[in-house]
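Residue numbers (my numbering): 18 to 98. Ideal placement from N, C-alpha and C gives every residue a C-beta, glycine not left out. These notes concern the structure reproduced below.
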């Protein structure tokens, strides 16, 4: 009951789970070129900038997907598809 949650000032946290088959199909689509994943990538970050990148993802409209590059250091950089 949403009204109850509002009156009680409850925090609602949602998550979404993909089935392994759905994940596998997505990887196949990316590998075959059916999905232009580069257009979804809006940033890249080195291993030491991961926390800041996660903080940025909480801000609406700033980023869609951020790629973590664990082999390098560096803060979040914007990229275009």
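Taking the C-beta atoms as reference points, residue 91 is found no nearer than 7 Å to residue 60. For the options 35, 96, 52, 68, the alpha carbon positioned closest to that of residue 87 is the one of 68. In the same chain as residue 70, and ignoring 5 residues on each side of it, the C-beta atoms closer than 6 Å to its own belong to 62, 83, 93, in chain order.
Going by DSSP, residue 67 is part of the alpha helix (DSSP H) stretching over 67-74. Residues of the same chain with their beta carbon placed closer than 6 Å to that of residue 50 are lacking, with the five preceding and five following residues left out of the count. Counting only residues of its own chain and dropping the five nearest sequence neighbours on each side, residue 58 has a CB closer than 8 Å to the CB of 81, 82, 83, 84, 96, 98.
In the structure shown, residue 81 falls within a coil segment according to DSSP collapsed to helix, strand and coil.
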